[in-house]
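Asks: The structure follows.
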Amino acid sequence: MRLSGWMCAAVACAFVAVWSAPANADPLADPLVGAPGLGDPYYPLDGNGGYDVQHYDVGIDYDPPSRRLTGTTEISATATQALRRFNLDFAGPAVRMVSVNHLPAAFDRNGEHELTVTPTLPLLPGLPFVVTVDYAGPAVDAGGEGWTFAPSGGAFVAGEPHSATSWYPLNDTPLDKATFELHATVPAEWEVVSNGLPTENVLRGDKRVVGWATTKPVLGYLTTVAIDKFDYLEQRRANGTPLVSAFAPNAKSHHRETEQRLPEILDFTENLYGPYPFEASGGIYLDADIEYSLETQTRPLYAPKTNLQTVVHEIAHQWWGNWVSVRHWSDICLNECFASYTADYLWPERMEGKNVDDDYRETIRKYRDSAKFWAIPLENPGAGKEFTSVYYRGPLFLHALRKQIGDAVFFVAVRDFLAAHTYGNASMPEFRAFMQSRSATNLTGFFDAWLDRTEPPPEEYLFPSSPAAPGL
Ligand SMILES: [Zn+2]
Numbered sequence: 037m038r039l040s041g042w043m044c045a046a047v048a049c050a051f052v053a054v055w056s057a058p059a060n061a062d063p064l065a066d067p068l069v070g071a072p073g074l075g076d077p078y079y080p081l082d083g084n085g086g087y088d089v090q091h092y093d094v095g096i097d098y099d100p101p102s103r104r105l106t107g108t109t110e111i112s113a114t115a116t117q118a119l120r121r122f123n124l125d126f127a128g129p130a131v132r133m134v135s136v137n138h139l140p141a142a143f144d145r146n147g148e149h150e151l152t153v154t155p156t157l158p159l160l161p162g163l164p165f166v167v168t169v170d171y172a173g174p175a176v177d178a179g180g181e182g183w184t185f186a187p188s189g190g191a192f193v194a195g196e197p198h199s200a201t202s203w204y205p206l207n208d209t210p211l212d213k214a215t216f217e218l219h220a221t222v223p224a225e226w227e228v229v230s231n232g233l234p235t236e237n238v239l240r241g242d243k244r245v246v247g248w249a250t251t252k253p254v255l256g257y258l259t260t261v262a263i264d265k266f267d268y269l270e271q272r273r274a275n276g277t278p279l280v281s282a283f284a285p286n287a288k289s290h291h292r293e294t295e296q297r298l299p300e301i302l303d304f305t306e307n308l309y310g311p312y313p314f315e316a317s318g319g320i321y322l323d324a325d326i327e328y329s330l331e332t333q334t335r336p337l338y339a340p341k342t343n344l345q346t347v348v349h350e351i352a353h354q355w356w357g358n359w360v361s362v363r364h365w366s367d368i369c370l371n372e373c374f375a376s377y378t379a380d381y382l383w384p385e386r387m388e389g390k391n392v393d394d395d396y397r398e399t400i401r402k403y404r405d406s407a408k409f410w411a412i413p414l415e416n417p418g419a420g421k422e423f424t425s426v427y428y429r430g431p432l433f434l435h436a437l438r439k440q441i442g443d444a445v446f447f448v449a450v451r452d453f454l455a456a457h458t459y460g461n462a463s464m465p466e467f468r469a470f471m472q473s474r475s476a477t478n479l480t481g482f483f484d485a486w487l488d489r490t491e492p493p494p495e496e497y498l499f500p501s502s503p504a505a506p507g508l
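Last residue of the sequence shown: 508 in this note's numbering, with the numbers rising by one and none dropped.
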């Protein structure tokens, strides 16, 4: 995610945490009932216990004038424990029917986003099962956490960490990645864009049926659907990877010029972090009142204020956030510190010949005495504060770390760290330990000063020097 403004936009700060003990830690919990949450420190009721999803097949019919949404989502999963009852996360329209393994199942909606399902026959551990959920009703403006409506009459889904629950039921946690396919039916004059590769786009009477699918696993908030009267830009990377970009009516013409640089941006990022991990790329340029852009997998959503730096940021997220995802939301610096450092420091340095050491020194000079600038820690910033300091202090932390351990160690280590967690999850404590394992210098004080404290790091960590690189 990248905010159009410098500080946290209201919409991104509005996430409210429900504090309680981890839901799966209750000693009195029924062992045959899947936990309603996975105990994320910020969002304990996100995700559900007892199963692992392999694939989502989402079918929707959407009518832009009435905003009516009809959906049938089929979830293919494997039980990880015996289950007589389990939960999905869903905050969308009224549920009409749920079936498990094609037998009708009882269901109940409760809490902010829980859909509790009781199958006719209990599920056995280790065995696959299929849940089908039918729902219908109005798509509702979710205040930045789901459906958002465009002046053209179009609509799209955006939000981090939550948004997917507004349009399909899922296991909404960073810890359960699954492949995803969408089949969307809209009136014939509308287009539909989503993640991965297009699978169909056909007219049937006065309707258009559009399909998209990912071949690589994806998280809920990284899926999207965008419905508008899009123009397309189709490109290919030198290696053949298809790039499909979409522009809403009234999208600015300079956005097309920026997007034409996508092959170059992918090459640049790949040189830093390893081969591009997905089957396709592109972008979705929105015309709507939205204050942030979002790294939806393979095809980011771009706000009207997008510039080249935004695109580099969202493309860097394809490695930092999408390929390798946070374990908990307190690990958000892994996503945003790296995406911001890539766009704000590495691109200007390597592609535009800028002396970013000067930028670093100037920024430190300017904000060293600002209590507000250091007030929110980079690691574990707190629920609702995930999208704050990681943008403006994250790049400084990584630039200082690079100077602390030297370019040769830094760039190889971050690449190897990603490779060690492909299509999986990683945490900030794991990042600290991994970087320490590659450096002869004791980094404990450095990490503590930059990541845990709410005051400027001491001089030795603000302006470190390493054997491989002269001090800043
Ligand atoms: Zn971001």
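For glycine and all other residues, C-beta sits at the position ideal for the given N, C-alpha and C.
For the segment 227-238 against the segment 166-183, are there 3 or more C-beta pairs whose distance is under 8 Å?
Replies: no
Asks: Count the other C-beta atoms from every protein chain shown that fall within 10 angstroms of the C-beta of N371, then say buried if there are 16 or more, exposed otherwise.
Replies: buried
Asks: CB Q333 to CB L298, shorter than 8 Å?
Replies: Cβ distance not < 8 Å, so Q333 and L298 don't count as in contact.
Asks: How far does the alpha helix (DSSP H) with N371 in it extend, from its first residue to its last?
Replies: 369-377
Asks: So what does M133 bridge to, in DSSP terms?
Replies: D170
Asks: By Cβ distance below 6 Å, which residues in the same chain neighbour A142 in space, the five residues on each side in sequence not counted?
Replies: T154
Asks: Kindly provide the ranges of any alpha helix (DSSP H) runs that are 4 or more residues long and lie completely inside the segment 291-357, ordered along the chain.
Replies: 298-309, 344-352
Asks: Are there any heavy atoms of ligand 1 lying less than 7 Å away from the beta-carbon of E331, as far as the coordinates show?
Replies: Checking every heavy atom of ligand 1 against the Cβ of E331, one is found closer than 7 Å.
Asks: Taking C-beta to C-beta, are A16 and Q90 nearer than 8 Å?
Replies: Past the boundaries of the shown model lies residue 16; the chain is included only from 37 to 508, so the question cannot be answered.
Asks: How about T114 and D144: do their beta carbons lie closer than 8 Å?
Replies: No.
Asks: Can you list, in chain order, the residues of its chain with a C-beta nearer than 6 Å to that of G195? Leave out the 5 residues immediately preceding and following it.
Replies: G180, E181, G182
Asks: With distances taken between CB atoms, is the gap from P210 to V362 smaller than 8 Å?
Replies: Closer than 8 Å, so yes.
Asks: Counting only beta-carbon atoms, is T114 nearer than 8 Å to chain B?
Replies: Of the protein chains in the structure, only one exists, and it is not chain B.
Asks: What residues in its chain sit with their C-beta under 6 Å from that of W359, if we drop five residues either side in the sequence?
Replies: P313
Asks: Give every residue of the same chain whose Cβ lies closer than 6 Å to the Cβ of Q345, excluding the five residues on either side of it in the sequence, and list them in chain order.
Replies: A379
Asks: Run the CB neighbour count on N391, radius 10 Å, all protein chains shown included, and call it buried at 16 or more, exposed below.
Replies: Burial is judged here by how many other beta carbons sit within 10 angstroms of a residue's own beta carbon; N391 has fewer than 16 and is exposed.
Asks: Let me check understanding here. Comparing Cα to Cα, which of T152, Y98, D93 lies closest to G73?
Replies: T152 is the residue among T152, Y98, D93 whose C-alpha sits nearest the C-alpha of G73.
Asks: Here's a check: name, in chain order, each residue in its chain whose Cβ is nearer than 6 Å to the Cβ of E227, leaving out the five neighbours to either side.
Replies: For E227, where only same-chain residues beyond five positions count, the Cβ hits under 6 Å are F266.
Asks: Take M464 and list the residues in its own chain whose beta-carbon comes closer than 8 Å to its own, dropping the five residues that flank it on each side.
Replies: If you ignore the 5 residues before and after M464, its C-beta comes within less than 8 Å of the C-beta of S366, D367, C369, L370, E415, N416, L487, all in its own chain and listed in chain order.
Asks: Quick one, are the C-beta atoms of T109 and V169 less than 8 Å apart?
Replies: yes
Asks: With DSSP as the reference, please indicate the residues paired to E533 in a beta bridge.
Replies: A query on residue 533 cannot be resolved here, the shown segment of the chain reaching from 37 to 508 and no further.
Asks: Examine ligand 1 and report whether any of its heavy atoms sits within less than 7 Å of the Cβ of E422.
Replies: Answer for E422: no, Cβ out of range of ligand 1.
Asks: Beta carbon of A375: closer than 7 Å to some heavy atom of ligand 1?
Replies: Yes - ligand 1 has a heavy atom lying nearer than 7 Å to the Cβ of A375.
Asks: Considering only their Cβ atoms, is the gap separating E350 from P340 smaller than 8 Å?
Replies: no
Asks: From which residue to which residue does the beta strand (DSSP E) around K243 run?
Replies: 243-249
Asks: Excluding the 5 residues preceding and the 5 following H353 in the sequence, name in chain order all residues of the same chain whose CB lies nearer than 7 Å to its CB.
Replies: E331, N371, A375
Asks: Under the criterion of a Cβ to heavy atom distance below 7 Å, does H353 qualify as lining ligand 1?
Replies: Taking 7 Å as the cut-off, one finds at least one heavy atom of ligand 1 near enough to the beta carbon of H353.
Asks: Report whether the distance from the Cβ of E327 to the nearest heavy atom of ligand 1 is below 7 Å.
Replies: no
Asks: Could you please give me the residues that DSSP links to G95 through a beta bridge?
Replies: T108, H219
Asks: Determine the DSSP secondary structure at Q117, reduced to helix, strand or coil.
Replies: coil
Asks: Can you tell me whether G75 is helix, strand or coil according to DSSP?
Replies: coil
Asks: Use the C-beta contact count for L258: other C-beta atoms within 10 angstroms, 16 or more gives buried, fewer gives exposed.
Replies: buried
Asks: Assuming R132 contacts Y92 under a Cβ cut-off of 8 Å, what Cβ separation, rounded to an integer in Å, is found between them?
Replies: Incorrect: roughly 18 Å between the Cβ atoms, too far for contact.
Asks: For a test of your reading of the model: does the CB of N371 fall under 7 Å from any non-hydrogen atom of ligand 1? Yes or no.
Replies: Yes, Cβ of N371 sits closer than 7 Å to a heavy atom of ligand 1.
Asks: Can D76 and T201 be called in contact, C-beta distance under 8 Å?
Replies: Going by C-beta atoms, D76 is not nearer than 8 Å to T201.
Asks: Among residues of its own chain, excluding the 5 on either side of Y377, which ones have a beta-carbon nearer than 6 Å to its beta-carbon?
Replies: P431, L434
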